[in-house]
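K.L.:
Counting in the working numbering, the sequence shown runs from 4 upward without gaps.
Cβ atoms here follow ideal geometry from the backbone N, Cα and C, with glycine treated the same way.
Mind having a look at this structure? Questions to follow.
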Amino acid sequence: MKKIITSLTILVVALMTMVGSVNAASVVVSPATSSKITAGQQVKVTVTAGGEGAKYKVAYDTSKFTFELDETKKDKTITSINPNYRETGELYVVALSTTQTLIFTAKVDITTSSTLPFTIKELTSVGADNIDSMQTTVTVTPASPTPTPEGGEGSGTSSEEGEESSSEADNDSDSKGKYIDDNGNEITEIAQAGTTYFVGAAIVLVALVSGALVIRKIRK
């Protein structure tokens, strides 16, 4: 007998859980996550009431989004929306169906890390419990920049090699256009030095010849 009672209790709890999950209210947004939101991009907020029909308010960031009434009105189950939602920043929706989709449009580019909430407040539905508040958010997470490859250091090596090549070229130019002594100093009087050496050699030669002639005379 106890086993039967236990089994029936488990069955009742399971059925209540299933019924509760079917009738549970919810709100979801699409896209829920993105690397960025661009101006003009649509964001859809889908509200599911727990019972039949629904009345609720929707709060959103009016600096980031504008509500698209015409697009939302294509959902024929929505019977009315308050006309002053632009001023109040809060929609008041009355619908006949269990599920409605509201269309919002981004007013600006959103490229920084952001959490953008859409809050459903004071939801009432026939045959279901009232919901004070439930929220869904759009999370913007910018893509991380591509890291610089480690091989990037090679560019510095190439630059250094280029500088070395340029330096070698300059040295070649110096060696071709200039004369450098053993101390690395530029020699600028090569022609004068050559002339001096030549004159000195001629004087020595003349002295030798004169000496030879004198010796010959003495011998005679």
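Let me check understanding here. Comparing Cα to Cα, which of T122, I134, S147 lies closest to Y63?
P.N.:
One-based indexing of the sequence shown puts residue 63 at position 60. Residue T122 is the option with its Cα nearest to Y63.
K.L.:
Mapping the DSSP letters down to three states, classify D73 as helix, strand or coil.
P.N.:
Your numbering for residue 73 matches position 70 in the sequence shown. Three-state result, D73: helix.
K.L.:
Report buried or exposed for G43, applying the criterion of at least 16 other Cβ atoms within 10 angstroms of its Cβ.
P.N.:
Counted from its first residue, the sequence shown places residue 43 at position 40. So G43 ends up on the exposed side.
K.L.:
Would V30 and M137 be called neighbours here (beta carbons separated by less than 8 Å)?
P.N.:
For the purposes of this step, residue 30 is taken as residue 27 along the sequence shown, with counting starting at 1. For the purposes of this step, residue 137 is taken as residue 134 along the sequence shown, with counting starting at 1. Yes, these two residues count as a Cβ contact at 8 Å.
K.L.:
Classify Y63 as helix, strand or coil using the three-state DSSP reduction.
P.N.:
As a first step, residue 63 must be located in the sequence shown, where it is residue number 60. In the structure shown, Y63 sits in coil (DSSP, three-state: anything other than H, G, I, E or B).
K.L.:
From the DSSP output, which residues share a beta bridge with S225?
P.N.:
There is simply no residue 225 to check, as the chain begins at 4 and stops at 223 in what is shown.
K.L.:
Using CA atoms only, rank isn't needed, just tell me which of G56, E90, I40, V48 is closest to S83.
P.N.:
Within the sequence shown, numbered from 1, the residue matching residue 83 stands at position 80. Looking at the Cα atoms, G56 is the closest of the given residues.
K.L.:
Helix, strand or coil: how does DSSP classify T127 here?
P.N.:
Locating residue 127 in the sequence shown gives position 124, where the first residue counts as 1. T127: strand per DSSP, three-state reduction.
K.L.:
Roughly how many angstroms lie between the CA atoms of Q45 and A131, to the nearest whole one?
P.N.:
Indexing the sequence shown from 1 puts residue 45 at position 42. Indexing the sequence shown from 1 puts residue 131 at position 128. One C-alpha to the other measures close to 30 Å.
K.L.:
Evaluate contact between the stretch 101-115 and the stretch 68-79, counting only Cβ atoms and requiring at least three cross-stretch pairs below 8 Å.
P.N.:
With the cut-off at 8 Å, the stretch 101-115 and the stretch 68-79 touch.
K.L.:
Opposite K58 in the DSSP bridges: which residues?
P.N.:
Counting from one through the sequence shown, the residue named residue 58 turns up at place 55. Partner(s): V97, T127.
K.L.:
Since T140 sits in a beta bridge, which residues does DSSP pair it with?
P.N.:
On the sequence shown, position 137 is the one that residue 140 refers to. In the DSSP output, where bridge partners are listed per residue, T140 has P120.
K.L.:
Reducing DSSP to helix, strand and coil, say where T91 ends up.
P.N.:
As a first step, residue 91 must be located in the sequence shown, where it is residue number 88. Here T91 sits in helix by DSSP.
K.L.:
Using the Cβ count rule (16 or more neighbours within 10 Å means buried), how would you classify L99?
P.N.:
Within the sequence shown, residue 99 is the residue found at index 96, counting from 1. L99 should be labelled exposed.
K.L.:
Bridge partners for V32 per DSSP, in chain order?
P.N.:
The residue labelled residue 32 in the question sits at position 29 within the sequence shown. Answer by DSSP bridge pairing, in chain order: V48.
K.L.:
Can you tell me which residues form a DSSP beta bridge with A109?
P.N.:
Counted from its first residue, the sequence shown places residue 109 at position 106. For A109, which the question treats as bridged, DSSP gives the partners F68.
K.L.:
Whole angstroms is fine: what's the gap from S147's alpha carbon to T102's?
P.N.:
Numbered from its first residue, the sequence shown carries residue 147 at position 144. Numbered from its first residue, the sequence shown carries residue 102 at position 99. One C-alpha to the other measures close to 37 Å.
K.L.:
Mark V48 as exposed unless 16 or more other C-beta atoms lie within 10 angstroms of its C-beta, in which case mark it buried.
P.N.:
Walking along the sequence shown from the start, residue 48 turns up at place 45. Counting Cβ neighbours within 10 Å, V48 comes out buried, since at least 16 surround it.
K.L.:
Pull the bridge partners of T114 from the DSSP assignment, please.
P.N.:
For the purposes of this step, residue 114 is taken as the residue at position 111 of the sequence shown. Partner(s): none; T114 has no beta bridge.
K.L.:
Would you mind working out which of E125, V141, T140 sits nearest I134, comparing C-alpha positions?
P.N.:
Within the sequence shown, the letter at position 131 stands for residue 134. Taking only the C-alpha atoms, the option nearest I134 is E125.
K.L.:
Sort out for me which residues DSSP pairs S37 with in a bridge.
P.N.:
As a first step, residue 37 must be located in the sequence shown, where it is residue number 34. Partner(s): V143.
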